Amino acid sequence: MKLLFLNGPNLNLLGKREPGIYGKTTLAEIETTVCQRAGELGVAVDFRQSNSEGELVTWIQQAVGEFGAVVLNAGAYTHTSIALRDAISATGIPTVEIHLSNIHAREEFRHHSMIAAVCRGQICGFGPHSYVLGLEAALSLIKPAA
Ligand code: DQA
């Protein structure tokens, strides 16, 4: 079973975007690290980014049957998107919410996540390592420890 990593708006700018908050690691470098760890854990990963809310919704809908779980950094759509929330609950696909930054320690508008209640859990604040933790969390959802 494969895992689907979805990245929302502006995450294609990682490395250059507000490095004081998001660090200097690019999304391509994060993808490489995730794929290396996924290889060690024996799971295949598909890693995508889109600035379009609709495309992210479509990818969640299409994930059913092909992917065991989704690891989602929805970027700013985290705080606004009922459509993403509905896609997760409509498909029922196990989803792990991740963020590079600790959204609870930032501006108040970032404290609320529209998707948190329909995700299996949330990981935030560990920089690029949030992605590796997200991978391990998602894997535990599809391969529960014996
Ligand atoms: C983010 C946090 C969001 O609030 C923000 O809009 C992002 C990135 C993170 O990974 O820390 O684009 O999801």
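Each residue of the sequence shown is one higher than the one before, starting from 587 at the first, in our numbering. In this text, a Cβ means the ideal position worked out from N, Cα and C, and glycines have one as well. Since the structure is predicted, the reported quantities are computational estimates derived from the model, not experimental observations.
query, result
"Alpha-carbon spacing of residue 687 relative to residue 609, whole angstroms", "9 Å"
"CA-to-CA distance, residue 646 to residue 673, given in whole angstroms", "6 Å"
"Contact test: residue 661 Cβ vs the ligand DQA heavy atom, cutoff 7 Å", "yes"
"For residue 660, the three-state DSSP class (helix, strand or coil)", "coil"
"Spatial distance of residue 711 from residue 690 (CA atoms)", "9 Å"
"heavy atom of the ligand DQA below 7 Å from residue 664 C-beta", "yes"
"The ligand DQA heavy atom lying under 7 Å from the CB of residue 687", "yes"
"Extent of the continuous beta strand (DSSP E) run through residue 590", "588 to 593"
"Neighbourhood of residue 650 by C-beta distance below 7 Å, restricted to the same chain and skipping five residues each side", "677 and 679"
"Separation of residue 630 from residue 624, as counted between CA atoms", "6 Å"
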